[in-house]
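Order-wise, the sequence lines are chains A and B. No gaps in the numbering here: position 347 of the first sequence is 346 in numbering that gives the first Met the number 0, and each next residue is one more. No gaps in the numbering here: position 368 of the second sequence is 367 in numbering that gives the first Met the number 0, and each next residue is one more. One structure is given here, and the rest of the page talks about it.
Number of protein chains: 2
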Amino acid sequence: MDSPAVTILKNGLNVVVEPQPWNPGLSFTLLVPVGSVNDPKDKLGAANMLETWLWKGAGPRDAHAFADALDALGVRRHSGAGVEYTTFSASLLPEGLPAAMELYADLLQRPHLPEAAFESVRALALQELAALDDQPARKLMQHLRREVFASSHGQPVEGTRASIEGMTPDSLREEYHRRYGAQGSVLAVAGGVDAKEVFDLAQKHFGSWGGKAPSSPPVKLTEPHRFYLSQETEQVQIGLFYRDVPPGDYNFYAARLAAMVLSGGMSSRLFSEVREKRGLAYSVGASPGSVKGFGYLVAYAGTMPDRAAETLRVVRQVIHDLRQGVSRAELDRAKVGLRAELMFSGESSRARSSTMARDVYILGKARGLEEIEAEVMDVTLERINLFLGKNPYDDPWTGTLGPREVV
Amino acid sequence: MDSPAVTILKNGLNVVVEPQPWNPGLSFTLLVPVGSVNDPKDKLGAANMLETWLWKGAGPRDAHAFADALDALGVRRHSGAGVEYTTFSASLLPEGLPAAMELYADLLQRPHLPEAAFESVRALALQELAALDDQPARKLMQHLRREVFASSHGQPVEGTRASIEGMTPDSLREEYHRRYGAQGSVLAVAGGVDAKEVFDLAQKHFGSWGGKAPSSPPVKLTEPHRFYLSQETEQVQIGLFYRDVPPGDYNFYAARLAAMVLSGGMSSRLFSEVREKRGLAYSVGASPGSVKGFGYLVAYAGTMPDRAAETLRVVRQVIHDLRQGVSRAELDRAKVGLRAELMFSGESSRARSSTMARDVYILGKARGLEEIEAEVMDVTLERINLFLGKNPYDDPWTGTLGPREVV
């Protein structure tokens, strides 16, 4: 498999294609750098509400006709706003690509944002906010981000009740005009398609899209601390946030492999120490994450109140001990595990298109799976253990949610 | 793509293979007909606990060595007990297949089920049960099944606190010996592999496995009724259960297409009436399901308490109105949607292996994607509308969960 083909249109839109000749389907992802990070303080949740509102009619079609047209192409769609960007993904049969591209061009460049649909958009945003309260694990993770970042990276994607209630059609439209545009956006396509065809379609449908990229502030952190959210749940949720290396860093794959040693399989340290040996938590793990220019590792566990203190202690200890290095057998297992993970992500055109869109956003380039694999294989035992010794995972932000505080 | 190749070993193990020559990876699923449906009344949750216990050492390896061996092959595993069966799935690089097959043969045929690990298995089962209480949507769906089935299909997969606390190592071992065996089990493989190679490996590692298939009772239903679960949630969860045609029925794909019209995309009736037009619920939909010999359609919505009554009314009305038939445009969209769904499920070796295992369990045969597609395309407008007129979706079991009853 070759590296993905990349081009940048004159208006700043990044286009990246990975042809998968064996694949009878294809997926594309449009990423616009519009997220909660650039929501104004008095319009929290704006990026999220905009994403919903966009679907209420665009170009020559009202909402109903737009939905009919997409469904007539058999498009499986996924879209949503996050911290740094909003994505619009579509999976479909290749012959539908030109028509689908035209529809998504309307969606992003010529949405109606009709007044009549606004109250329903607001109602859905309030529902989404309420649903979060019924999902303790998700709720804790959202608060964790809020506690960690001093910059606007901590702002809630869903907004707040007050911000949603304060939104007006005009104030939300203003956000569309200010933030949606070609500059800094990405179109990523994977599947049974030719790169040239995609570039031509992108030029045709997105070539005249204007707009500036909204700015995202640099990451700022608070001082590591503990916090507690009181909720009458059966289980206690535990979340830990550690600083880590960002994508693009020389040590990025050493860190990814360390995360695999912690949490990549049955033999991983967290699974084996917390779940298998001690039966402390049904669900436990750690996963790496990042925003532009900053990487982190988040560990989590869900456990019974009477085991929460021990669970927290063991999770912290296991992560603390990483500084002493990993064994050759652990590194080998982590490499084959990461290699398998890459390969299975390569099976799915949707996963590939969304990973490539994110890569271009974060790194300014998309990597082929073989390129990533080579970087993973390059990490020697000496290198990962030097990294772990010099960059110990330590001093986490620690949050718990449950019926009583974990002490 | 050809139809999957199928064989049945002398001991009754079904083996099915779909070679995907383009695929650099492969997945297999082992399905054993051990689920909550055949848990004895005084051992509810036994199938679920057994699945956890099996991983605590098998064949020549203790739990730790077993986990190391699997991770050294880069196996991504997924396993779990359900209503009718327990599945063990593995995704891996093709060169690891012989070694992985040997490990899974140990796991199913020669588990240690060690006394020392039993209390940790019990603790995890209790944690899983507690976690269910923190997931209102899942909790309602589990109760819905309990209210609908008069047969043991309604028994809770997770068991109850009392049944889990009453389990002993011996009583659980007895369930392993009584229920785990080749008869009625399925090995399904999809990916970059040759059918002959798989058949040989299956014979070598599973050919001498004995055991009888545990029996599952015929489906019996209660009378349709309403129930309410009181819980201090932010949202009200609504679940509706309708009788539908079973897999293998002449009208099965007519029913699948009707479900697509209800809930298959943005233009689908439930999405458009409940979410888009009225903003009643952020999450709403309907999905077909089945147990052996019996099919059903479950509709769900999560909404605010003050909108719950209207949401319930609209969902029921939309489903009620199906009897008046669907339009040609709706049928065409449903067909292309289902076709796209099939194609994207075909991208993933794991999805394919688990679908084939389930097909063999439910129908006694596995169908290729093209065969299914042909059956879907065969459904004419006349046929689907005749079906909907003669088999109206009506008289559902209705459950709600939330801070107050929906009236």
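By construction, the Cβ of each residue, glycine as well, lies at the ideal position given by its N, Cα and C atoms.
Practice task
Have a look at Gly44/A and Asp169/A and give me their C-alpha separation to the nearest angstrom.
Solution key: Taking the first sequence and counting its residues from 1, one reaches residue 44/A at position 45. Taking the first sequence and counting its residues from 1, one reaches residue 169/A at position 170. Going by C-alpha positions, Gly44/A is about 15 Å away from Asp169/A.
Problem - At least 3 beta-carbon pairs within less than 8 Å: the segment 121-139 of chain A vs the segment 147-165 of chain A - result: For the pair of segments examined, the segment 121-139 of chain A was found to touch the segment 147-165 of chain A: the number of CB pairs separated by less than 8 Å reaches three.
Handout entry: Secondary structure of Asn13/B, DSSP reduced to three states
Key = What you label residue 13/B is simply residue 14 of the second sequence in a count that begins at 1. Shown here, Asn13/B sits in a strand according to DSSP, grouped into three states.
Problem - CB contact below 9 Å: Asp105/A versus chain B - result: Mapped onto the first sequence, residue 105/A falls at position 106. Judged by the 9 Å Cβ criterion, Asp105/A is not in contact with chain B.
Problem - Closer than 8 Å at the beta carbon, the chain C residues around Met342/B - result: Among the chains of the structure shown, chain C does not appear; the protein chains present are A and B.
Handout entry: Distance, Leu200/B Cα to Leu8/B Cα
Key = Taking the first residue of the second sequence as 1, we reach residue 8/B at position 9. Taking the first residue of the second sequence as 1, we reach residue 200/B at position 201. Answer to the nearest angstrom: the Cα atoms are 12 Å apart.
Exercise for the section: With 9 Å as the threshold, decide whether the Cβ of Ser35/B is near any Cβ in chain A. Expected result: Here residue 35/B corresponds to residue number 36 of the second sequence, with the count starting at 1. Among the CB atoms of chain A, none fall inside 9 Å of the CB of Ser35/B.
Exercise for the section: Please confirm if Asp199/A has its CB atom under 9 Å from at least one CB of chain B. Expected result: Against the first sequence, residue 199/A aligns to sequence position 200. Look at Asp199/A: its C-beta is not under 9 Å from any C-beta on chain B.
Exercise for the section: For Arg225/A, decide whether its Cβ has a neighbour in chain B, counting only Cβ atoms nearer than 9 Å. Expected result: Here residue 225/A is taken as the residue at index 226 of the first sequence, counted from 1. Arg225/A is outside the set of residues whose beta carbon lies under 9 Å from a beta carbon in chain B.
Problem - Exposed unless 16 or more other CB atoms sit within 10 angstroms - verdict on Asp393/A - result: What you label residue 393/A is simply residue 394 of the first sequence in a count that begins at 1. So Asp393/A ends up on the exposed side.
Exercise for the section: Determine contact between the segment 369-379 of chain B and the segment 356-376 of chain A, defined as no fewer than three beta-carbon pairs at a distance below 8 Å. Expected result: The segment 369-379 of chain B, when compared against the segment 356-376 of chain A, does not touch it at the 8 Å Cβ threshold.
Practice task
Report yes or no: do three or more beta-carbon pairs, one from the segment 12-30 of chain A and one from the segment 186-197 of chain A, lie closer than 8 Å?
Solution key: The segment 12-30 of chain A vs the segment 186-197 of chain A: in contact.
Practice task
With 9 Å as the threshold, decide whether the Cβ of Val156/B is near any Cβ in chain A.
Solution key: For the purposes of this step, residue 156/B is taken as residue 157 along the second sequence, with counting starting at 1. Chain A, which has no Cβ nearer than 9 Å to the Cβ of Val156/B, makes this no.
Problem - Pro213/A versus Phe293/A, Tyr84/A, Ile237/A, residue with shortest Cα-Cα distance - result: On the first sequence, residue 213/A is found 214 positions in, with the first residue counted as 1. Minimum Cα distance to Pro213/A is reached at Tyr84/A.
Problem - Beta-carbon gap between Asn37/A and Arg178/A smaller than 9 Å - result: Locating residue 37/A in the first sequence gives position 38, where the first residue counts as 1. Locating residue 178/A in the first sequence gives position 179, where the first residue counts as 1. Yes; because the gap between Cβ atoms is below 9 Å, this pair is in contact.
Problem - Residue nearest to Pro448/B in terms of C-alpha spacing, selected from Ala307/B, Leu69/B, Ser271/B - result: Any property of residue 448/B remains undetermined from this structure, which presents chain B solely from 0 to 406.
Problem - Distance CB(Leu261/B)-CB(Arg268/B) smaller than 9 Å - result: By 1-based counting over the second sequence, the position of residue 261/B is 262. By 1-based counting over the second sequence, the position of residue 268/B is 269. Yes; because the gap between Cβ atoms is below 9 Å, this pair is in contact.
Exercise for the section: Using a cut-off of 8 Å between C-beta atoms, extract the partners of Gly415/B located in chain A. Expected result: Shown here, chain B extends from 0 to 406; a query on residue 415/B therefore has no answer.
Problem - Cβ neighbours of Ala46/B in the same chain (closer than 7 Å, five flanking residues each side left out) - result: As a working mapping, residue 46/B is identified with position 47 in the second sequence. Excluding residues within five positions, the ones whose Cβ falls inside 7 Å are Val33, Gly34, Ser35, Asp38, Ala80, Thr85.
Practice task
Determine the burial state of Thr302/A: buried for a count of at least 16 other Cβ atoms within 10 Å of its Cβ, exposed for fewer.
Solution key: Taking the first residue of the first sequence as position 1, residue 302/A is located at position 303. The residue is buried, with at least 16 neighbouring Cβ atoms inside 10 Å.
Problem - Local Cβ density within 10 Å of Asp70/B, reported as buried at 16 or more and exposed below that - result: Taking the first residue of the second sequence as position 1, residue 70/B is located at position 71. When all chains shown are included, Asp70/B counts as buried.
Exercise for the section: Identify whether Val283/A lies in helix, strand or coil by the three-state DSSP scheme. Expected result: Residue 283/A sits at position 284 when you count from the first residue of the first sequence. Val283/A falls in the strand class under three-state DSSP.
Handout entry: Through-space distance from His77/A to Ala68/A, alpha-carbon basis
Key = Position 69 of the first sequence, counted from the start, is the residue given in the question as residue 68/A. Position 78 of the first sequence, counted from the start, is the residue given in the question as residue 77/A. Distance between the alpha carbons of Ala68/A and His77/A is about 16 Å.
Exercise for the section: Starting from the C-beta of Arg382/A, find all residues in its chain whose C-beta is less than 7 Å away, skip the five residues before and the five after it, and write them out in chain order. Expected result: Within the first sequence, numbered from 1, the residue matching residue 382/A stands at position 383. For Arg382/A, where only same-chain residues beyond five positions count, the Cβ hits under 7 Å are Ala253.
Problem - Nearest neighbour of Gly206/A, chosen from Pro395/A, Leu102/A, Gly11/A, Thr354/A [CA to CA] - result: As a first step, residue 206/A is located in the first sequence; it is residue number 207 there, counting from the start. Closest option to Gly206/A, Cα to Cα, is Gly11/A.
Handout entry: Three-state secondary structure (DSSP) of Gly292/A
Key = Numbered from its first residue, the first sequence carries residue 292/A at position 293. Reduced to three states, the DSSP call for Gly292/A is coil.
Exercise for the section: Check the C-beta distance from Met259/B over to Gly336/B and give it rounded, since I have them as a contact under 8 Å. Expected result: Translated into the one-based positions of the second sequence, residue 259/B becomes position 260. Translated into the one-based positions of the second sequence, residue 336/B becomes position 337. A Cβ-Cβ separation of about 5 Å places Met259/B in contact with Gly336/B under the 8 Å criterion.
Problem - Short CB-CB distance (under 9 Å) between Phe65/A and chain B - result: Counted from its first residue, the first sequence places residue 65/A at position 66. Answer yes: the Cβ-Cβ gap between Phe65/A and chain B drops below 9 Å somewhere.
Problem - Which listed residue (His142/B, Ala99/B, Val244/B, Leu96/B) has its alpha carbon closest to that of Phe386/B - result: Stepping through the second sequence from its first residue, residue 386/B is reached at position 387. For Phe386/B, the nearest C-alpha among the options comes from Val244/B.
Handout entry: Where the alpha helix (DSSP H) through Gly453/B begins and ends
Key = Outside the displayed range of chain B (0 to 406) lies residue 453/B, so it cannot be described from this structure.
Exercise for the section: Would you mind working out which of Asn384/B, Ser150/B, Glu118/B, Glu174/B sits nearest Glu164/B, comparing C-alpha positions? Expected result: Counting from 1 along the second sequence, the entry for residue 164/B is found at position 165. Closest by alpha carbon: Glu118/B.
Practice task
Taking only beta carbons into account, state which residues of the segment 340-366 of chain A come closer than 8 Å to chain B, listed in chain order.
Solution key: Within the segment 340-366 of chain A, the qualifying residues are Glu340, Met342, Phe343, Gly345, Glu346, Ser347, Ser348, Arg349.
Exercise for the section: Helix, strand or coil for His63/B, going by three-state DSSP, please let me know. Expected result: Along the second sequence, one-based indexing puts residue 63/B at 64. Three-state DSSP puts His63/B in a helix.
Handout entry: Arg332/B at chain A interface by Cβ criterion, 9 Å
Key = By 1-based counting over the second sequence, the position of residue 332/B is 333. Under the 9 Å criterion on CB atoms, Arg332/B is classed as interfacial with respect to chain A.
Exercise for the section: Could you name the residues of chain A that Arg277/B contacts, counting a contact when the two beta carbons are closer than 9 Å? Expected result: By one-based count along the second sequence, residue 277/B stands at place 278. Those are Ser119, Ala122, listed as they occur along chain A.
Exercise for the section: Between the Cα of Lys40/A and those of Pro59/A, Ser266/A, Thr232/A, Glu174/A, spot the shortest distance and give me the residue it belongs to. Expected result: Taking the first residue of the first sequence as 1, we reach residue 40/A at position 41. Nearest to Lys40/A by alpha-carbon distance, out of Pro59/A, Ser266/A, Thr232/A, Glu174/A, is Glu174/A.
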